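Residue numbers (my numbering), protein chains in the order written: chain A, 2 to 725; chain B, 63 to 404.
Report on the following structure.
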Amino acid sequence: MTTGAVVQEQRDEPGLAAGPRALGPGRARGVRHLVAPLLSARGLPRWLLWTGLALTSLFVVLAVFAPLVSPYGFNQYMAHGARFPQQAGPSAAHWFGTTVQSEDVLSRVIYGARTSIEVVVLAVCFSLVIGVPLGLVSGYFGGWVDRGLVLVNDSVFAFPYLLLAIVIAFLLQGSVGGGVVTAAIAITVVYVPQYFRVVRSTVLSVREEPYVEAARALGARPRTVIRRYVFANVVQSVPVVASLNAADAILTLAGLSFLGIGMDPSAAAEWGYDVSRGIADAQAGYWWTGLFPGLAIILLVTGLTLVGEGLNDSLNPVLRRPAHRRPLLPAPEVPGAGAGSLAHEGLTSAGPGLSLPDAGLALQGGAGAVGLEQAGPGQVDGRGAASPVIAVSGLRAWYGTERGPVRAVDGVSFQVAEGETLGLVGESGCGKSTLGRALLGLLPEGTSCDGEIRFGGRDLLAASAAEMRAMRGPALGLIFQEPMTRLDPLMRVSEHFAEALKAHEPDISEQEVRERSLEALGSVGIPPTRFTNYPHEFSGGMRQRVMIALALVLRPRFIVADEPTTALDVLVEAQILELLSQLRARTGAGLLLITHNLGIVAESCDRVAVMYGGRIVEQGPVRDVFAHPQHPYTEALLGSTISLSTRTLRSIPGAPPDLHQPPPGCRFHPRCPLAMEVCRALSPPLVSRQGHSVECWARTPPGTVPPGQDARLLIESGSVADEA
Amino acid sequence: MASTSGSLRRYLLTRLALVVPMVFILLTMVFVLLRVAPGNPIVAALGGHLSPSQLAARERAAGYDKPLVVQYGEYLRQVFTGHFGTTLTDQRPVTQVIAQNGAATLELTVAAMLVALAVGIPLGMLAGRLRDTWVDAGARGFGIVIYAAPVFFLGLLAQLVFGTYLGWLPTSSQASVLVQATLQPHTNILLLDAMIDGQWGDIPNLLAHLVMPAVTLGLVISGVVVRLVRVNVIQAMKGDYIEAARARGLRERDVVVRHAFKNALVPIVTVTGLQAALLLSGAVLTEETFNWPGIGNELIYYLENRDYIAVQGIITVFALAVVAISLLIDFINAWVDPRVRY
Ligand SMILES: Nc1ncnc2c1ncn2[C@@H]1O[C@H](COP(=O)(O)OP(=O)(O)O)[C@@H](O)[C@H]1O
Ligand code: SF4
Ligand SMILES: [Mg+2]
């Protein structure tokens with residue numbers, strides 16, 4: 002059954018539990034949600050939906066106005082005193098021909114629509130009335146009630162539905178008679194379990210929504226909660242099920258009538274019955290008596306299915322298609338278009354900014370570096386002598402979304418030297434992961450990138466997709482945050498290794514695959530006995546070790562580790578970090594270690610870059626930055642971290658900016674205690690000294706801030722802090 | 063690995079234990095339907111034809127006047143001892159109906175399921191992979207329209223085209239009369255029986271009879287399979303391990319085939335099992351259309367003849383078949399998915 006299928010998809014996937022995503026209370030307004038998908042659906046879903054609605058309404062109109070539309074009655078065989086011809090082919094008088102009893106086939110098809118719609122409307126109403134309350138009760142009470150109801154429903158659901166309907170129709174024929182109601186009851190019993198399932202899973206998932214839990218925590222009675230929040234969600238998912246069920250119900254009714262059960266043929270026209278009679282006709286060459294009712298079934302069922310699928314497509318987050326329009330990147334904010342070209346002592350060389358136009362232009366356009374050393378602090382610090390493995394400059398990565406571009410990475414420059422670890426810190430949503438993926442060319446479709454990523458003498462952003470693929474693994478490695486889900490559950494660890502090695506070294510021998518894999522596993526402390534295990538046989542920490550070994554076996558020269566220990570407990574975290582630093586020392590690879598844990602940075606990194614709102618706002622040698630933080634955000638981060646332990650950054654008031662519409666000027670200004678007028682208007686220039694650089698107006702040399710722009714912005718930062 | 067096989071055994075035993083309540087619920091459902099619901103089978107079957115006193119006598123003879131609990135116990139005893147009685151119409155033991163006609167249904171449904179998977183899986187994979195292209199639109203369109211077609215209507219068209227018009231295939235029954243007469247019933251599955259006795263010459267005849275019903279039913283079910291596979295592929299493509307595989311520089315084709323498709327197929331096993339209801343329902347209609355001597359065909363025959371003993375036996379067998387299929391699915395799952403064995 003179609004609906005069974007949909008329901009099953011939902012049941013298998015916890016994320017999909019309610020099909021359509023649960024709605025927040027603010028948007029919980031039932032009826033509007035019934036029509037919302039019609040208006041908001043785009044592309045294919047929209048097309049499905051409208052075609053389906055057109056087909057369905059055609060038949061509904063036929064059904065309602067059957068006496069007006071139909072040329073004759075469904076069992077009328079004569080008019081104006083003359084009997085219709087018998088088994089006459091389609092003609093002007095009888096468009097669809099006539100039957101062996103001289104009935105007009107077109108009229109039978111039209112009245113058949115009436116019968117189908119009547120039965121289906123009744124059946125859907127009955128099922129709703131029974132199934133929805135049962136589902137609510139089951140999901141709401143849980144426990145034994147729930148388990149019992151689920152068992153019974155599953156059993157009914159598993160039973161061949163047509164047989165069930167046959168038996169019920171057969172039994173009712175004796176007492177109720179063979180009419181619309183009998184057929185509707187027979188079909189109802191079949192479809193109740195489906196409403197039950199959908200409603201129950203909606204209730205269950207809504208119960209777990211954060212806002213419902215919050216409401217409960219605040220003391221709202223559970224019943225109120227369910228009534229208020231479940232309703233909106235049920236109202237949204239029921240139309241999907243109802244339209245798909247209606248489609249199935251038409252087929253079931255046709256099947257019943259085809260078998261001669263349920264509907265009394267003298268009482269109403271029914272398509273399935275006509276098709277069954279048409280079989281004999283067709284073999285004798287009278288194809289029209291069965292063909293037209295059969296086509297009518299297909300059209301109406303297709304129409305209803307399209308409505309259901311279209312609704313499902315536009316409501317179900319998994320099926321909803323992400324926007325794939327790449328955002329257009331405007332010209333980057335020009336470095337040096339700052340508020341004047343000012344030099345002061347300590348600035349080593351003149352950047353391009355010095356040659357750029359005046360402050361007037363900069364006030365509209367943004368800011369740039371104030372006199373500069375060569376971008377790339379890595380070169381001037383202690384280890385700067387080593388050549389950079391990777392050098393990024395002016396990198397931007399914007400996601401295309403329905404709301405418009407999300408400026409996740411917005412002009413970032415840094416370098417990582419051989420054997421060096423650069424820590425990348427910042428609150429969630431600052432663009433760290435996006436940056437890491439951008440380096441490997443792993444951003445989703447519909448993302449725009451520009452700038453430059455120098456690696457091994459070439460610009461990775463200019464490389465073709467095939468070239469990037471070949472480099473991922475042997476040149477560039479990525480270690481993910483969640484080790485639990487990153488290995489294919491159906492493949493043994495050994496198969497993962499063999500697959501990765503063979504992808505890059507097609508001629509490698511089985512022997513060598515084995516040796517290298519075991520060596521890599523050994524280096525992360527996994528014994529050879531575990532080589533052929535499945536991922537689920539490992540703990541989280543072990544899996545992360547496997548992931549690291551899997552990255553290392555290809556011997557990359559540069560590795561991005563995106564919060565590799567966030568999902569692990571502290572003890573395991575220390576082991577993994579120790580492992581990473583040993584391996585880096587041995588292989589000489591450069592490492593970009595993304596984390597929001599400053600303790601990890603202090604222990605494992607040579608230099609640190611602090612990211613905020615898509616930009617690196619400060620970077621430099623770890624000791625330098627931690628001892629003398631320049632950017633107010635860095636200071637806040639350090640302040641929020643008690644003794645560099647594993648605390649996260651939550652204690653900074655306010656929240657990171659929405660990168661869809663980041664604040665103008667300095668992105669930190671709504672939260673910054675030092676914010677000035679200028680911060681609101683202009684991006685701060687980059688100031689760097691001895692490999693320690695910062696983007697902040699408050700750290701610019703005296704006279705950089707345009708006159709009159711240095712008034713404090715106390716109110717604004719206060720208000721944001723209050724909001725938070 | 064000893065522990066793995068031990069946990070596998072434990073898993074299967076648990077599943078077996080869970081089957082018990084399902085069997086009872088289904089049997090109870092059948093019992094309630096036939097005995098407790100208004101209008102018992104005798105009234106339904108003979109209501110207009112016999113006087114009230116004759117009806118009462120019949121009900122007494124069938125034990126319908128005893129307390130429900132006693133009747134229920136009686137019914138369960140019948141089921142578990144395999145004594146379903148003898149049909150009223152033609153005095154066949156119900157078990158024989160089940161064995162002979164059930165085998166024909168098994169043959170038809172297995173063949174239909176193979177067709178459904180062979181058509182549905184590749185189409186669904188293509189559609190999921192080439193999402194929102196014309197291939198996807200075409201595959202989804204096919205899935206929706208083919209599913210919207212009543213199986214008996216498709217059967218009618220097929221009979222017209224391949225039987226009446228082209229004359230390529232027989233339009234009715236399971237084998238020609240001659241073949242049927244020469245086959246020894248070992249399994250009652252005619253194809254198997256022919257193979258067992260080495261009557262290879264009969265196999266083309268049997269296949270010719272099987273093709274149209276199996277393809278017709280299979281195509282209808284493939285409509286559901288296409289949609290399910292498509293959704294699963296889309297979902298699997300979002301898996302974390304897919305991104306991780308890309309990060310190791312695997313070719314996109316390998317990522318899709320080895321990781322996405324394989325993982326997409328695991329839930330298909332379960333979902334295919336759930337289509338058993340659809341399959342068996344469709345089989346009743348297909349058998350009727352093609353005059354296939356399956357158990358559904360018999361059910362309709364006995365219904366028309368108001369033979370409630372036969373109806374009760376056949377419905378009970380369907381209930382047990384549902385349970386058997388769900389067990390089978392669990393076993394297949396355990397075999398396909400290493401996590402289940404864990
Ligand atoms: N696939 C995506 N499509 C659109 N926006 C995204 C996507 N992934 C992340 N974002 C947005 O980009 C911003 C940066 O996200 P991310 O790079 O994950 O930050 P971090 O790793 O620092 O937490 C966030 O605002 C996030 O909502
Ligand atoms: S002082 Fe201005 S530029 Fe510096 S961080 Fe605060 S808001 Fe940004
Ligand atoms: Mg992240």
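Even glycine gets a Cβ: it sits at the ideal position worked out from N, Cα and C.
As the structure is a prediction and not an experimental result, all values here were calculated from the model.
Item, Value
"Can you list the residues of chain B that D489 (chain A) reaches, using a CB-CB cut of under 9 Å?", "G301, Y303, I304, A306, A307, R320, H321, K324 and N325"
"Relative to the C-alpha of N250 (chain B), which residue among B:E169, B:T226 and B:A199 is closest?", "B:E169"
"What would DSSP say about E1 (chain A), mapped onto helix, strand or coil?", "This structure gives no information on residue 1 (chain A), because the portion of chain A shown stretches from 2 to 725."
"Is it buried or exposed for P708 (chain A), if we count other Cβ within 10 angstroms and need 16 for buried?", "exposed"
"Taking the straight line between their C-alpha atoms, what separation do you get for A247 (chain A) and L305 (chain A)?", "7 Å"
"Compare the C-beta of T306 (chain A) against all C-beta atoms of chain B and say whether one is closer than 7 Å.", "yes"
"In the DSSP assignment, find the alpha helix (DSSP H) that holds M543 (chain A) and state where it starts and stops.", "G541 to L553"
"Apart from the five residues just before and just after N325 (chain B), which ones in its own chain have a Cβ nearer than 6 Å to its Cβ?", "A298"
"Over the uninterrupted beta strand (DSSP E) stretch that includes A392 (chain A), give me the two end residues.", "P389 to T402"
"Kindly list, in the order they appear in chain A, the residues whose Cβ is closer than 9 Å to that of V346 (chain B).", "P161, L163, L164, I167, G256 and L260"
"For a cutoff of 7 Å on Cβ pairs, would you count L342 (chain B) as touching chain A?", "yes"
"May I ask whether a heavy atom of ligand 2 can be found less than 6 Å away from the beta carbon of W51 (chain A)?", "no"
"Have a look at A:V561, A:S244, A:R517 and A:L423 and flag the residue whose alpha-carbon is nearest the alpha-carbon of N313 (chain A).", "A:S244"
"How would you write the range of the beta strand (DSSP E) that Y613 (chain A) sits in, first residue to last?", "R608 to Y613"
"What are the residues that DSSP puts in a beta bridge with H728 (chain A)?", "Since the first residue of chain A shown is 2 and the last is 725, residue 728 (chain A) is not available in this structure."
"Around ligand 2, what residues have a beta-carbon under 5 Å from a heavy atom of it, in chain order?", "A:P633, A:C667, A:F669, A:H670, A:C673, A:L675, A:A676, A:C680, A:P685, A:C697, A:W698 and A:A699"
"Determine which residues of the segment 445-479 of chain A have a Cβ less than 8 Å from any Cβ of chain B, and write them out in chain order.", "R470, A471, M472, R473, G474, P475, G478 and L479"
"Can you find a C-beta in chain B that's less than 7 Å from the C-beta of V726 (chain A)?", "This structure gives no information on residue 726 (chain A), because the portion of chain A shown stretches from 2 to 725."
"Taking only three categories from DSSP, how would you classify C673 (chain A)?", "coil"
"State yes or no: is the C-beta of L440 (chain A) nearer than 6 Å to some heavy atom of ligand 1?", "no"
"Inspect the CB distances between the segment 587-595 of chain A and the segment 552-564 of chain A and report whether three or more fall short of 8 Å.", "yes"
"Quick one, which residues of the segment 92-107 of chain A are near chain B if we go by CB-CB under 7 Å, in chain order?", "none"
"Going along chain A, which residues have a C-beta under 7 Å from A211 (chain B)?", "I299"
"For H248 (chain B), which residues of its own chain have a beta-carbon under 6 Å away from its beta-carbon, when the five flanking residues on both sides are left out?", "D255 and I258"
"Starting from the beta carbon of S235 (chain B), find every residue of chain A whose beta carbon is closer than 7 Å, and list them in chain order.", "None at all; the shortest Cβ gap to chain A is about 15 Å."
"For E350 (chain B), which residues in chain A fall below 8 Å Cβ to Cβ?", "F259 and L260"
"When DSSP builds the beta bridges, which residues end up paired with R616 (chain A)?", "A:Y613"
"At a cut of 8 Å, does the segment 302-320 of chain B reach the segment 464-476 of chain A through at least three beta carbon pairs?", "yes"
"Taking only beta-carbon positions, decide if V706 (chain A) is within less than 7 Å of chain B.", "no"
"With a threshold of 7 Å between beta-carbons, can F380 (chain B) be considered close to chain A, or not?", "yes"
"G311 (chain B) CB to nearest chain A CB: under 7 Å?", "yes"
"Quick one: what does DSSP say D563 (chain A) is sitting in, helix, strand or coil?", "strand"
"Taking a Cβ distance cut-off of 7 Å, strictly less, list which residues of the segment 359-388 of chain B are near chain A, in chain order.", "I362, L365, I377, F380, A381, V384 and S388"
"Could you check whether the Cβ of L660 (chain A) sits closer than 6 Å to any heavy atom belonging to ligand 1?", "yes"
"For V426 (chain A), report the span of its beta strand (DSSP E) as first-last.", "T422 to V426"
"By the DSSP assignment, the beta strand (DSSP E) with S449 (chain A) in it spans what residues?", "T448 to F456"
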